[in-house]
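In our numbering, the protein residues as written are 1389 to 1708. Positions of the beta carbon are idealized from the N, C-alpha and C atoms, including for glycine.
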Ligand SMILES: Cc1cc2nc3c(=O)[nH]c(=O)nc-3n(C[C@H](O)[C@H](O)[C@H](O)COP(=O)(O)O)c2cc1C
Ligand code: SF4
Ligand code: SF4
């Protein structure tokens, strides 16, 4: 279904350690100085967030070509989020669109992260968004947040792109996973788009007119401002909740996968116990728990009944 039709409700070298608290240094790829507290990455970084694997796959496609290191945003948020960038290395962001906006967890990371470089020039920064069909003004919102980031250099986006990937949102009537054929076509098209994007990234293409390269070609969809502001606001305030999640005890085998995949530790459970949602106020309604359950035992109220499941590579795994 086309979202725009949807009713309105809707981190080697050696580890750096201060043997003498302020000076002597041994490095590793993700080591950091006790002095500066900035993690020093010796590979360029891609910060990514992914619930059902689309964005992780996209980030991996880029990293396989560029040699970048993938850094999971939920994992990074458990640390101090301070990074030192090396001269001339690119800095990437890859994540999905949630409700035509930047997912809350990515926004949280952008507020917390601190970036430092000793290089005279700003890093080459790029962003790739994944979406089920359109991103509205998500990139505009991301760009604004990026301009407010804590960095000792002028943070500017140089290259942007959107790729349409299989749908993961199933929280409203009519919102369903894609058919196998649609899924396959989306992934094939995305693969080509990401290869072209990576080629431009490797050439460090920048546009000269003020907007990042790729800006005009983003898949914003119809009335993008309206979707990102009004509908996106409704989505954030009314639809992001873990309250409707429940488990069918007859189907649950107490494997703990749902708790393991939750990016915000909102599920208590694990091997030998049924999952319990903690209502910790952090749920993203990302549906990672729902989609990854091997026995389709999780439902979101009655809104997911008879709906399919999706995560990147699931069909191969389940041979369907
Ligand atoms: C909470 C939520 C909100 C979403 N909102 C949108 C949206 O506004 N526009 C869209 O095209 N896709 C939307 N999607 C679909 C995802 O952006 C898309 O499937 C994405 O590729 C999932 O990436 P991931 O597998 O890396 O998590 C949404 C998915 C979720 C779970
Ligand atoms: S993933 Fe499914 S089967 Fe496994 S513990 Fe969670 S609900 Fe139960
Ligand atoms: S509880 Fe489920 S939907 Fe909510 S953040 Fe965790 S995995 Fe995502």
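Coil, strand or helix - residue i by DSSP
i, result
"residue 1527", "helix"
"residue 1620", "helix"
"residue 1472", "strand"
"residue 1601", "strand"
"residue 1693", "coil"
"residue 1715", "Residue 1715 lies beyond the range of the chain shown here (1389 to 1708); nothing can be said about it."
"residue 1704", "helix"
"residue 1444", "helix"
"residue 1571", "helix"
"residue 1669", "coil"
"residue 1613", "helix"
"residue 1462", "helix"
"residue 1638", "coil"
"residue 1586", "helix"
"residue 1576", "helix"
"residue 1560", "coil"
"residue 1606", "coil"
"residue 1566", "coil"
"residue 1628", "coil"
"residue 1415", "Its pLDDT being 31, under 50, residue 1415 is placed unreliably by the model, and nothing is read from it."
"residue 1410", "Residue confidence is low: residue 1410 scores 27 on pLDDT, short of 50, so the model does not pin down where it sits. Its coordinate-derived value is still stated next. Of the three classes helix, strand and coil, the one that applies to residue 1410 here is coil, per DSSP."
"residue 1699", "coil"
"residue 1423", "Low confidence applies here, because residue 1423 scores a pLDDT of 45, under 50, leaving its location unreliable; read the following figure in that light. Three-state result, residue 1423: coil."
Residue i CB to nearest heavy atom of ligand 4 below 8 Å
i, result
"residue 1670", "Only ligand 1, ligand 2 and ligand 3 can be found as ligands here, which leaves ligand 4 out of the picture."
Nearest-angstrom beta carbon gap, residue j and residue i [assumed within contact, 8 Å]
i, j, result
"residue 1696", "residue 1501", "The Cβ separation is near 35 Å, so there is no contact."
"residue 1554", "residue 1672", "Actually they are not in contact, since the Cβ atoms of residue 1554 and residue 1672 sit about 18 Å apart, beyond 8 Å."
"residue 1456", "residue 1432", "5 Å"
"residue 1647", "residue 1657", "5 Å"
"residue 1632", "residue 1493", "Incorrect: roughly 20 Å between the Cβ atoms, too far for contact."
"residue 1613", "residue 1521", "Not really, about 17 Å apart at Cβ, beyond 8 Å."
"residue 1688", "residue 1678", "6 Å"
"residue 1458", "residue 1497", "With a Cβ gap of about 14 Å, residue 1458 and residue 1497 do not count as contacting."
"residue 1443", "residue 1518", "5 Å"
"residue 1654", "residue 1685", "Their Cβ separation, rounded to whole angstroms, is 17 Å, which puts residue 1654 and residue 1685 out of contact at 8 Å."
"residue 1534", "residue 1545", "6 Å"
"residue 1691", "residue 1559", "6 Å"
From the options, residue whose alpha carbon lies closest to that of residue i
i, options, result
"residue 1441", "1694, 1676, 1670, 1682", "1676"
"residue 1599", "1528, 1484, 1469", "1528"
"residue 1451", "1482, 1560, 1476, 1682", "1482"
"residue 1578", "1607, 1557, 1561, 1594", "1607"
"residue 1474", "1542, 1631, 1509, 1619", "1509"
"residue 1345", "1653, 1643, 1674", "What the structure shows of the chain is the stretch from 1389 to 1708, and residue 1345 is not part of that stretch, so it cannot be assessed."
"residue 1587", "1688, 1547, 1703", "1547"
"residue 1602", "1613, 1589, 1612", "1589"
"residue 1436", "1454, 1463, 1625", "1463"
"residue 1668", "1543, 1595, 1466, 1630", "1630"
"residue 1543", "1557, 1513, 1575, 1525", "1513"
"residue 1605", "1628, 1438, 1526, 1550", "1550"
"residue 1479", "1693, 1541, 1567", "1541"
"residue 1703", "1566, 1623, 1536", "1566"
"residue 1562", "1706, 1694, 1705, 1700", "1694"
"residue 1468", "1664, 1434, 1486, 1503", "1503"
"residue 1575", "1449, 1538, 1487", "1449"
"residue 1701", "1568, 1538, 1507", "1568"
"residue 1584", "1572, 1680, 1628, 1453", "1453"
"residue 1582", "1439, 1438, 1447, 1434", "1447"
"residue 1593", "1618, 1670, 1511, 1674", "1511"
"residue 1495", "1557, 1591, 1691, 1624", "1624"
"residue 1537", "1641, 1471, 1682", "1471"
Per DSSP, cross-strand counterpart(s) of residue i
i, result
"residue 1482", "1436, 1516"
"residue 1552", "1519"
"residue 1457", "1433"
"residue 1688", "1633"
CB contact below 9 Å: residue i versus chain C
i, result
"residue 1504", "Given the protein chain composition of this structure (a single chain), no chain C is represented."
### Message
To test your reading of the DSSP string, which unbroken alpha helix (DSSP H) runs of 4 or more residues are found completely within the segment 1486-1550?
### Response
List check, alpha helix (DSSP H) in window: 1492-1500, 1526-1535.
### Query
What residue ranges within the segment 1640-1666 form continuous alpha helix (DSSP H) runs of no fewer than 4 residues, ordered along the chain?
Listed in chain order, the complete alpha helix (DSSP H) runs (minimum 4 residues) inside the segment 1640-1666 are 1645-1649.
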